[in-house]
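Letter 172 of the sequence shown, counting from 1, is numbered 172 in full-length UniProt numbering, and no numbers are missing.
Where a beta carbon is used, it is the ideal one built from N, C-alpha and C, also for glycine.
Since the structure comes first, as structure tokens, the remarks are kept for the end.
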Amino acid sequence: MDNIDSICKLIGSTYSQQASNSITSREKLISELLVKRRCPLNGWDEINIDLLIHRLSMMDSNNFLHNCGIGERESRFLSPMVARRHFNMGHGIGRSGDISEIQPKAAGSSLINILANSLVLDILKKNGIPNTKSALIVPLATGMSLTLCLLTFKASRPDAKFVIWPRIDQKSCFKSIITAGFVPLIVENVKKGDSLTTDINEVTRLIEKHGSNSIVAIMSTTSCFAPRIPDDLVALGKIAQSHNIPHVVNNAYGMASTKCMSLIEQASRSGRVDVYIQSTDKNFLVPVGGAIIAGFEPSIINKISSNYPGRGSAVPSLDVLITILNLGLNGYSKYLQDRRVQMDYLVNQLKILASKFGEKVLETQANKISVAMTLDNFVKPDGKETAIGSMLFIRGISGARVISKNCPTKEISGYKFVAWCSHSNDYGHSYLTAAAAIGVTKDDIDVFIKRLQCLLSDLYNKKIEPEKEEHIIIGFHLLKSKLCFCSLFSIWLMTYIQLGITLENPIILYATEAFFLIINNGPFHETVNSQDKFEFIPSIEGFPDLPVWMYYRFPADSKYAYLYGTPPSAGNFSVEVIAINKRTYDTYRDSFKLQVLQRENLAQYELQFKLTNLNVENMFNSQRLADLISIYRDTLWKESKDIYFSKIVSPRDLGDRLPANPKEKEGVIIRIGSTNNFSRDLFDLEREVEPIKNRDPCPSRYKFTRFEHYFRSKQFFCDWCSFKMIKEPIVYQIVDNENNNTEQMETLSVIMPIWPANFTSIPIAVINYNYRNYHDDILYCIYIPIGICFIVTLLLLPMLFTKDITTPDTLTEPELTKYRSLERATSQLRELSHNPTKSPLNHTKISPQPSILTIENKPEVTKESHSYSTLPRAEHRKQSVVSER
1 MDNIDSICKL IGSTYSQQAS NSITSREKLI SELLVKRRCP LNGWDEINID LLIHRLSMMD
61 SNNFLHNCGI GERESRFLSP MVARRHFNMG HGIGRSGDIS EIQPKAAGSS LINILANSLV
121 LDILKKNGIP NTKSALIVPL ATGMSLTLCL LTFKASRPDA KFVIWPRIDQ KSCFKSIITA
181 GFVPLIVENV KKGDSLTTDI NEVTRLIEKH GSNSIVAIMS TTSCFAPRIP DDLVALGKIA
241 QSHNIPHVVN NAYGMASTKC MSLIEQASRS GRVDVYIQST DKNFLVPVGG AIIAGFEPSI
301 INKISSNYPG RGSAVPSLDV LITILNLGLN GYSKYLQDRR VQMDYLVNQL KILASKFGEK
361 VLETQANKIS VAMTLDNFVK PDGKETAIGS MLFIRGISGA RVISKNCPTK EISGYKFVAW
421 CSHSNDYGHS YLTAAAAIGV TKDDIDVFIK RLQCLLSDLY NKKIEPEKEE HIIIGFHLLK
481 SKLCFCSLFS IWLMTYIQLG ITLENPIILY ATEAFFLIIN NGPFHETVNS QDKFEFIPSI
541 EGFPDLPVWM YYRFPADSKY AYLYGTPPSA GNFSVEVIAI NKRTYDTYRD SFKLQVLQRE
601 NLAQYELQFK LTNLNVENMF NSQRLADLIS IYRDTLWKES KDIYFSKIVS PRDLGDRLPA
661 NPKEKEGVII RIGSTNNFSR DLFDLEREVE PIKNRDPCPS RYKFTRFEHY FRSKQFFCDW
721 CSFKMIKEPI VYQIVDNENN NTEQMETLSV IMPIWPANFT SIPIAVINYN YRNYHDDILY
781 CIYIPIGICF IVTLLLLPML FTKDITTPDT LTEPELTKYR SLERATSQLR ELSHNPTKSP
841 LNHTKISPQP SILTIENKPE VTKESHSYST LPRAEHRKQS VVSER
């Protein structure tokens, strides 16, 4: 710093040295930029960018302290706000004959243009086209930049007047040819599957018909709206090289796609590509007004630059320079990576949404930016389904386009296009397109899906109403002993709600596709405490349990319950959910229909593995699923274009045990599949993990494969001992209980990626619940038995009281003797009771107790020697009877 000595005298050497070091570090960044002219790895802060721009601004003549301008263009500003907006730079870039030439009055603006061109070239090289040699930012939008390129090629081909143009239904592309004064040779696209692509044979035929010298250029396209996919640049490049025809590529927003950039690089190596043009606003998120013209021969770019008439605005170059410096190479790469993730998310969300309305997402895998969903169930004879696009715009959704298969013919500059905007005269579908460009976020996609779903639901029910509530409550019956009170209950799912669906509109599933529903106690009736805990009991309606392929899980630490599984075959059924309030024991009930459809294409190759650091409920997260599938699609299984999940289950669901340590996660078993064969990387991975499968226990806490960092970076810990590559389908039997029929069926891993929006809240109509009638039970169990006993008693009582008990008419002699003796004894006893003094016992003398010797010597007294015996009365009476006999 020149003034360091003066500063030291004012604030001291210590503080001045610190300040000097800070300024020097910033000056070093600027010096490195001016010397290397490469994009910095990490972005600059605004202070450093502002320092650079203000220093460059002071290099323009209008900011000289001693300047005195007397010309017609001296960069004067009437508004201070405008001056601040442009950093007091108003001279622009270029001179009258060359847009890239140094302007004497604007050294700073010219330097900004040079730096911006250099940084853009560096990004193009590092973003997929390393063969690029020169790049130029022009203050023109993409369409006018195409016109400038065509006019430049025309100068070297004076007899040429035709431009071969594979049809792309965007006006700016077509009008760039018309504005340049050339005649377009329109090449209709050919349909391959759902995609529209280049008709190479027609291009060759047109060249042979008109001659290569009469053709100014071939104008191809990379970035476009689905269902069109990028042109076959490699084939077109070879044709251009063999016929010596310039090849111009419209790469408007193709920098966002590595596929588009790779096509340009391949075409330049195997054939001919003269220039490719991309927009600054679409690729660097700056205001509209600039384009980047890049090529593989600096001489061609110089010709285009010198063909630009007059000076140009420096605003596009300044905006791009500031943006690149602020992001850095890492920051820009992160935006590109995020866009790829959001593109996958958009496609999967649209697939889920399409299945709910009987639509489908068009298979255009080669188009990595745009996606299309059919609207065949919303087709109107007059093509009025295009109003869906207007309705979305009114609801705050911009960028989505609705194309009708019945759209009218459009005339542009005297040329008629049948079914304009569909890239084809007869595509066969009405559809909606959406794009995941740079800068799109997951929140943007979620809002788009929610509002589109709401709109389509309204149209599906044949009415257009104002925006409805975001959530829908399901009616349940509150079960009580005597009265039935209707209360409120809801099944909430991970994303937004499909409105207007009744019981007749089931949830669409696909055979061999994994799915999951989330059950939660949402808002209740005002009499129900929203903090109450609930227990859920799901089952197939009319049966006591769920099918074997459907699982239920209600984690103790979660307020959500999960229904998940993979239906093995097509069919229709209803699921009943009983909810029990654990505080009041009130019970709620509802049911919803599921319709399982058969998929067309089934996978032939599957991978199965286990994640040890997650439970199955942790996998029901859209971002986590996207991260896992991207590891295989982008790294391990690149050849697979239709990779998907086919199973997400808990080890406990398959009969495994819980881990011994309660703090450990249970784990989750995942299976993914594809129709493409296994990649070389997967075979290498299988060989790496084979030696560890015999270890006990299996190592799971350290890195042992060269692919491990892909999983660890996304917080996935794999149990490689469970890694399997399955090449053959599993055959099992399905038994029809009604007809006792058994048929063979192949179970294959066919499922699109599972996303939370696969299911929405299910507005089911209220169903009356039949109560048990206890009056009949009481009647049958109590009243009827009592009545029977009463009747039997009444029948027995007359018999009991009317029975006559009499003695027999004749008796035998022994019986008479016995009877007389009893009568005699009775009369004697009666007499004694009246006159006890006559008893013989009163005349018997009671003597003292004799001794033993006396008793022994006393002679025995017989019974006959006494009138009255001392024997008991009964024995005496018996002897009397014998004597009488």
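query, result
"Measuring straight from C-alpha to C-alpha, what distance separates F620 and I643?", "18 Å"
"Which residues does DSSP pair with S674 in a beta bridge?", "Y605"
"Taking only the alpha-carbon atoms, compute the straight-line gap between F534 and N572 and give it to the nearest angstrom.", "28 Å"
"Report the option in E815, K416 and L196 whose CA atom is closest to the CA atom of L362.", "L196"
"Considering T374, what are the terminal residues of the beta strand (DSSP E) in which it resides?", "S370 to T374"
"What does the alpha-carbon distance come out to for the pair E385 and S355?", "19 Å"
"When the Cα of S20 is compared with those of S31, T512, C8 and F417, which residue comes out closest?", "C8"
"Pick helix, strand or coil for H247, following the three-state DSSP scheme.", "strand"
"Pull up the distance between the alpha-carbon of V402 and that of V275, whole angstroms please.", "32 Å"
"What residues in its chain sit with their C-beta under 6 Å from that of S75, if we drop five residues either side in the sequence?", "N62, G90 and H91"
"To the nearest angstrom, how far is it from the Cα of Q595 to the Cα of V447?", "27 Å"
"Beta-carbon separation of A400 and A436 under 7 Å?", "no"
"When DSSP labels each residue in this structure, what does residue 886 get in the three-state scheme?", "Outside the shown range of the chain, which is 1 to 885, sits residue 886, and nothing can be said about it."
"By the three-class DSSP mapping on this structure, what secondary structure does M219 have?", "strand"
"In terms of residue numbering, what span does the beta strand (DSSP E) encompassing P80 cover?", "Per DSSP, P80 belongs to no beta strand (DSSP E); it is in the alpha helix (DSSP H), P80 to R85."
"Once the 5 residues before and after P523 are set aside, which same chain residues still bring their CB inside 6 Å of it?", "The predicted model places P523 with a pLDDT of 39, which falls under 50 and marks its position as unreliable; any figure quoted below should be read in that light. Same-chain partners within the cutoff: there are none."
"Buried or exposed: where does H709 fall if 16 or more other Cβ atoms within 10 Å of its Cβ makes it buried?", "exposed"
"With respect to the alpha helix (DSSP H) encompassing L32, which residues constitute its N-terminal and C-terminal limits?", "Before going further, note that residue 32 is Glu rather than Leu in the sequence given. Counting along the chain, the alpha helix (DSSP H) containing E32 begins and ends at S13 to K36."
"What are the boundary residues of the alpha helix (DSSP H) that G389 is part of?", "A387 to I394"
"Helix or strand or just coil, what does DSSP make of N520?", "strand"
"Of the choices I23, C39, G673 and E831, whose alpha-carbon is the least far from that of L325?", "C39"
"Could you give the distance in angstroms between the alpha-carbon of L350 and the alpha-carbon of D45?", "38 Å"
"Please confirm whether D169 and W420 have their CB atoms less than 7 Å apart.", "yes"
"Could you pull the DSSP bridge partners for I648 from this structure?", "I670"
"Cα separation between G289 and E27?", "31 Å"
"Leaving out five residues before and five after D627 in sequence, what residues of the same chain have Cβ atoms less than 7 Å from its Cβ?", "K714"
"Which partner residues of Y551 appear in the DSSP bridge assignment?", "Y564"
"Which partner residues of P184 appear in the DSSP bridge assignment?", "V163"
"Out of curiosity, what's the CA-to-CA distance linking E541 and T584?", "25 Å"
"Please report the distance separating the alpha-carbon of Q18 from that of V320.", "33 Å"
"Going by the DSSP bridge assignment, what does I631 pair with across the sheet?", "Note: I631 sits in no beta bridge, so no partner."
"In its own chain, which residues sit with a C-beta less than 6 Å from the C-beta of F153, not counting the 5 before and 5 after it?", "V216, A217 and P246"
"Going by other Cβ atoms of all chains shown within 10 Å of its Cβ, with 16 needed for buried, is S413 buried or exposed?", "exposed"
"For Y783, I'd like the list of residues in its chain whose CB is within less than 7 Å of its CB, leaving aside the five on either flank, ordered along the chain.", "none"
"Bridge partners for I301 per DSSP, in chain order?", "Per DSSP, none; premise fails for I301."
"Hey, L34 and N48: beta-carbon distance below 7 Å or not?", "no"
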